[in-house]
Amino acid sequence: MDTIGRSGRDGAGDGEGQTSSERLHDLIREDIVEGRLEPGSRLKTAELAARYGTSVNPVREALHHLQGEGIVVIEPNRGARVRTIGADYARNVYDIRALLEPYLTRWFVSTATAEQIATLEELQTRMENPDNSYEEHRALNDRFHSTMFRGHYNHEAVTLEVRQRKVLDLMNRRFDIAPARRRKVHVEHRAIIEAVRGGDAEEAARVAEEHVRGASQYLVDRLRSAGMTS
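Heads up: the sequence shown at position 161 corresponds to 161 in UniProt numbering, and the numbers run straight through without jumps.
If you want it as structure tokens, here you go:
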């Protein structure tokens with residue numbers, strides 16, 4: 001059995017190119033971050049298998065991956081439970097990204113082709129369209145960063161970056177992007193492009209860290225204002 005249904009939201013949301021195991025992982029993650037699986041609640045494999053229309057083995061695999069992301073806590077003889085996802089969690093993830101993104105960016109500067117730089121320019125120009133919805137802006141932002149990071153030889157680092165970005169995208173989805181924050185993102189992206197074009201790895205890494213720190217402060221402040229502190 002491998003239907004992997006969507007719980008609590010219209011649309012299948014399968015994700016192009018994903019395996020059924022990856023889709024299940026994403027669905028459970030989304031249901032946790034958006035509160036459909038409540039903080040502190042037990043995650044029983046049989047119940048989750050029925051919820052998503054699959055068997056228990058893919059559920060166990062997904063829960064272990066989510067434990068690695070810090071979203072699920074698995075305790076000996078007590079099973080898995082949902083961790084509270086709030087400001088402290090977001091801050092911790094962004095602290096990791098403040099180390100990870102500059103590392104990935106430095107390598108990209110040393111390998112970037114004219115075609116990749118042109119792609120970044122084109123994506124950024126499209127991001128700056130004031131009529132973009134949040135979803136359009138987020139999708140273009142994902143493509144911007146994927147263009148820089150996906151070719152890195154360290155596949156574990158790239159996988160971690162993608163997974164963290166998915167979690168943070170879900171958390172950010174709760175809030176509108178203020179125009180000032182959107183403008184700041186665009187300025188930082190432009191600065192990264194210019195540093196990449198100039199072959200300045202350290203400047204690109206510096207702006208990448210500034211970019212992460214700004215995103216962290218923006219989301220953490222909003223989570224704390226909403227009373228989501230853990």
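Backbone N, C-alpha and C define an ideal beta-carbon position, used for all residues, glycine too.
Model, not experiment: these values are computed from the prediction.
Residues near residue i by beta carbon distance below 7 Å, same chain, minus five either side
i	result
Val158	Phe149, Arg150 and His152
Glu69	Arg163 and Val167
Ala112	Val196
Arg213	Ala98
Ala88	The residue asked about is misnamed: residue 88 is Asp in this sequence, not Ala. Taken in chain order, the residues that qualify are Thr229 and Ser230.
Cβ neighbour criterion (16 or more within 10 Å) applied to residue i
i	result
Pro58	buried
Ala118	exposed
Leu99	exposed
Val187	exposed
His25	buried
Glu161	buried
Arg78	exposed
Residues of its chain near residue i, where Cβ-Cβ distance is below 8 Å and the 5 sequence neighbours each way are ignored
i	result
Leu37	Ile28, Asp31, Leu43 and Val82
Distance CB(residue i)-CB(residue j) smaller than 8 Å
i	j	result
Tyr218	Arg181	yes
Val56	Thr45	yes
Ile71	Ile85	yes
His145	Arg165	yes
Phe175	Arg224	no
residue 236	Leu63	Any answer about residue 236 is impossible in this case: the structure gives the chain only from 1 up to 230.
Tyr94	Ala215	yes
Met171	Ala226	no
Arg138	Asp169	yes
Which residues DSSP lists as bridging residue i, in chain order
i	result
Ile74	Ala80
Tyr42	It should be noted that the sequence gives Arg, not Tyr, for residue 42. Its beta-bridge partners are Arg81.
Thr159	Partner(s): none; Thr159 has no beta bridge.
Close Cβ partners of residue i (< 6 Å) along its chain, the five nearest in sequence each way excluded
i	result
Glu101	Ala208 and Val212
Leu140	Leu123, Arg126 and Met127
Ala204	Thr105, Val109, Ile192, Ala195 and Val196
Ser41	Val82
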